[in-house]
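For reference, the structure discussed in these notes is given below.
In our numbering, the protein residues as written are 1 to 352.
Written as structure tokens, this is what we have:
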């Protein structure tokens, strides 16, 4: 991480600009170099101040956050962390991610003292993570994801499942929406096993994201609900605010179970919780995949899968937006194979 991270704050509310400045200024690693009240002023300030990271509101008069992102990314890509109270029924945040935003924080409508404190910790960590990002591979990934029809052709499965893998579990965080939009559409509709995914997202967005991913894929993608039957050819995205676990019925069928326990995890849903449950239910018949993201969520769960005889693949550093979660697994000696995002779907299918 750079010694000092230079940040530009973009928000139409003077009060929010002041509060965000105070939160960021409490970190000795961050310097707020300027503020802007709308997208046009933000474009001018980026050119003038050359910040390392921009925090961005989406709902602003004149030029909103989406238009700013589209124009700025065309001029010179840079890390943008969205801070927005965009209504949960809208798709503004997902559109911002498509336009190039790295991460986002759901801003509470009323910035009560306790909410400010919670938001401060998350904001500082995400700004730090954003400062580490290189856009060289992201530009290539964006081009691949867009294509001519916003579709990625799914790969073919040469043989039916001939290994002892009965479930693929994926853990991912920062950079995850873009990475999954590249990976999941490559998996064929006749995938012989189900897929379960944990993506760190605020509540209210996982359902929208699953629906968007489903439109891109021949594989069926849905937000996991209580009691979903795990069937081949379906990918289940963990619901934000609930851990995704699994239960086996007396007849052998396996269903999803959503729970708030344990309470003491850094994330809910937690990759560790899902991986541990998968290892308990499926034993050695699990392939775990740890992809881009900051922190260590997934390391403990990977150890459980390995202990039961399952496989763990990690995304290679060269394609990660943030090489945090995969690094923790690799350094713990738990990764069976490191694979770039571009090759991951093919390697997963070859494993099956």
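The beta-carbon is built from N, C-alpha and C at its ideal position, and this holds for glycine as well.
Segment contact, 8 Å Cβ cut-off, at least three pairs: the stretch 119 to 134 with the stretch 16 to 25:
With a cut-off of 8 Å, the stretch 16 to 25 and the stretch 119 to 134 count as touching, because enough Cβ pairs lie within range.
Have a look at the DSSP bridge pairing and note the partners of residue 315.
For the purposes of this step, residue 315 is identified with residue 315 of the chain shown, where counting begins at 1. In the DSSP output, where bridge partners are listed per residue, residue 315 has 339.
Compute the beta-carbon to beta-carbon distance between residue 56 and residue 82, rounded to the nearest angstrom, for a pair I have assumed lies under 8 Å.
Numbered from its first residue, the chain shown carries residue 56 at position 56. Numbered from its first residue, the chain shown carries residue 82 at position 82. A Cβ-Cβ separation of about 5 Å places residue 56 in contact with residue 82 under the 8 Å criterion.
Residues in the same chain with beta-carbon distance under 8 Å from residue 340, minus the five sequence neighbours each way, listed in chain order, please.
Counting from 1 along the chain shown, the entry for residue 340 is found at position 340. Counting only Cβ-Cβ distances below 8 Å, and skipping sequence neighbours, we find 315, 316, 318, 319.
Which residues DSSP lists as bridging residue 229, in chain order
Taking the chain shown and counting its residues from 1, one reaches residue 229 at position 229. 255.
For residue 15, three-class secondary structure by DSSP:
In the chain shown, the residue the question calls residue 15 occupies position 15. In the structure shown, residue 15 falls within a helical segment according to DSSP collapsed to helix, strand and coil.
Starting from residue 310 and walking both ways along the beta strand (DSSP E), at which residues does that stretch end?
Stepping through the chain shown from its first residue, residue 310 is reached at position 310. Residue 310 -> no beta strand (DSSP E), and no H or E assigned at all.
Rounding to the nearest angstrom, what Cα-Cα distance links residue 209 and residue 215 in this structure?
Within the chain shown, the letter at position 209 stands for residue 209. Within the chain shown, the letter at position 215 stands for residue 215. Distance between the alpha carbons of residue 209 and residue 215 is about 10 Å.
In DSSP terms, what residue 205 is bridged to
Taking the chain shown and counting its residues from 1, the one referred to as residue 205 is at position 205. Beta bridge pairing from DSSP links residue 205 with no other residue.
Do you know how far the Cα of residue 170 is from the Cα of residue 199?
Position 199 of the chain shown, counted from the start, is the residue given in the question as residue 199. Position 170 of the chain shown, counted from the start, is the residue given in the question as residue 170. Rounded to whole angstroms, residue 199 to residue 170 spans 8 Å at the Cα level.
Tell me the DSSP secondary structure of residue 148 in three-state form.
Position 148 of the chain shown, counting from 1, holds the residue named residue 148. Note that residue 148 has pLDDT 34, beneath the 50 cutoff, so the model's placement of it is unreliable and no number is given.
What does the alpha-carbon distance come out to for the pair residue 203 and residue 250?
Locating residue 203 in the chain shown gives position 203, where the first residue counts as 1. Locating residue 250 in the chain shown gives position 250, where the first residue counts as 1. One C-alpha to the other measures close to 33 Å.
By alpha-carbon positions, which one of 63, 32, 50 ends up nearest to residue 12?
Taking the first residue of the chain shown as position 1, residue 12 is located at position 12. Comparing Cα positions, the closest option is 63.
With DSSP as the reference, please indicate the residues paired to residue 6 in a beta bridge.
Sequence index remark: in the chain shown, residue 6 carries index 6 (1-based). DSSP output for residue 6 lists 31 as bridge partner(s).
Pick out the complete alpha helix (DSSP H) segments inside the stretch 36 to 66, 4 residues or longer, and give them in chain order.
Listed in chain order, they are 39 to 49.
Mind checking residue 263: buried by the 16 CB within 10 Å criterion, or exposed?
Working through the chain shown from its first residue, we reach residue 263 at position 263. Burial check for residue 263: the Cβ neighbour count within 10 Å stays below 16, so the residue is exposed.
List the residues that DSSP assigns as beta-bridge partners of residue 169.
Taking the first residue of the chain shown as 1, we reach residue 169 at position 169. Paired residues: 196, 288.
Which residues in the same chain have their Cβ closer than 7 Å to the Cβ of residue 168, if we skip the five residues on either side of it in sequence?
The residue you call residue 168 lines up with position 168 of the chain shown. 193, 195, 287, 289, 348, listed in sequence order.
For the beta strand (DSSP E) holding residue 235, just list the boundary residues, first then last.
Against the chain shown, residue 235 aligns to sequence position 235. 234 to 237 is the span of the beta strand (DSSP E), which, as asked, contains residue 235.
Name the one or two DSSP bridge partners that residue 223 has.
Residue mapping note: residue 223 aligns to position 223 of the chain shown, counting from 1. Answer by DSSP bridge pairing, in chain order: 237.
Report yes or no: do three or more beta-carbon pairs, one from the stretch 170 to 188 and one from the stretch 71 to 80, lie closer than 8 Å?
No, they do not touch.
If distances are taken between C-alpha atoms only, which option among 313, 252, 4 comes closest to residue 32?
Along the chain shown, one-based indexing puts residue 32 at 32. Residue 32 has its Cα closest to that of 4, out of 313, 252, 4.
Quickly, what does DSSP pair residue 246 with across the bridge? List them, please.
Locating residue 246 in the chain shown gives position 246, where the first residue counts as 1. In DSSP, residue 246 forms a bridge with 256.
Same chain, Cβ closer than 7 Å to residue 186, neighbours up to 5 away in sequence not counted:
For this step, residue 186 is matched to residue 186 along the chain shown. Excluding positions up to five away in sequence, the list reads 152, 154, 155, 345.
Can you say whether residue 48 is buried or exposed, counting buried as having 16 or more other CB atoms within 10 angstroms of its CB?
For the purposes of this step, residue 48 is taken as residue 48 along the chain shown, with counting starting at 1. So residue 48 counts as exposed.
Name the residue from 36, 226, 265, 27 whose alpha carbon lies nearest to the alpha carbon of residue 14.
Reading the chain shown from its first residue, position 14 is the one you call residue 14. Checked all of 36, 226, 265, 27; the closest Cα to residue 14 is 36.
Let's see if you can read the secondary structure: which residues bound the alpha helix (DSSP H) around residue 270?
To locate residue 270, count along the chain shown from 1; it is residue 270. DSSP places residue 270 in no alpha helix (DSSP H); its state is neither H nor E.
Quick one: what's residue 106 bridged to in DSSP?
For the purposes of this step, residue 106 is identified with residue 106 of the chain shown, where counting begins at 1. Looking at the DSSP output, residue 106 shares a beta bridge with 84.
Go ahead and pull the three-state DSSP assignment for residue 324.
On the chain shown, position 324 is the one that residue 324 refers to. For residue 324, the three-state secondary structure derived from DSSP is coil.
Under the three-state reduction of DSSP, which class applies to residue 176: helix, strand or coil?
Within the chain shown, the letter at position 176 stands for residue 176. DSSP places residue 176 in helix when its eight states are reduced to three.
Would residue 70 and residue 43 be called neighbours here (beta carbons separated by less than 8 Å)?
Counting from 1 along the chain shown, the entry for residue 70 is found at position 70. Counting from 1 along the chain shown, the entry for residue 43 is found at position 43. Not closer than 8 Å, so no.
Would you tell me roughly how many angstroms separate the C-alpha atoms of residue 351 and residue 325, rounded to the nearest one?
Here residue 351 corresponds to residue number 351 of the chain shown, with the count starting at 1. Here residue 325 corresponds to residue number 325 of the chain shown, with the count starting at 1. Each residue's alpha carbon lies about 22 Å from the other.
Nearest-angstrom Cα distance between residue 147 and residue 292?
Within the chain shown, numbered from 1, the residue matching residue 147 stands at position 147. Within the chain shown, numbered from 1, the residue matching residue 292 stands at position 292. Unreliable placement is indicated for residue 147, whose pLDDT of 47 sits below 50; no coordinate value is reported for it.
Under the assumption that residue 102 contacts residue 133 (Cβ atoms under 8 Å), give the Cβ distance between them as a whole number of angstroms.
Walking along the chain shown from the start, residue 102 turns up at place 102. Walking along the chain shown from the start, residue 133 turns up at place 133. About 6 Å separates the beta carbons of residue 102 and residue 133, which is inside the 8 Å limit, making them a contact pair.
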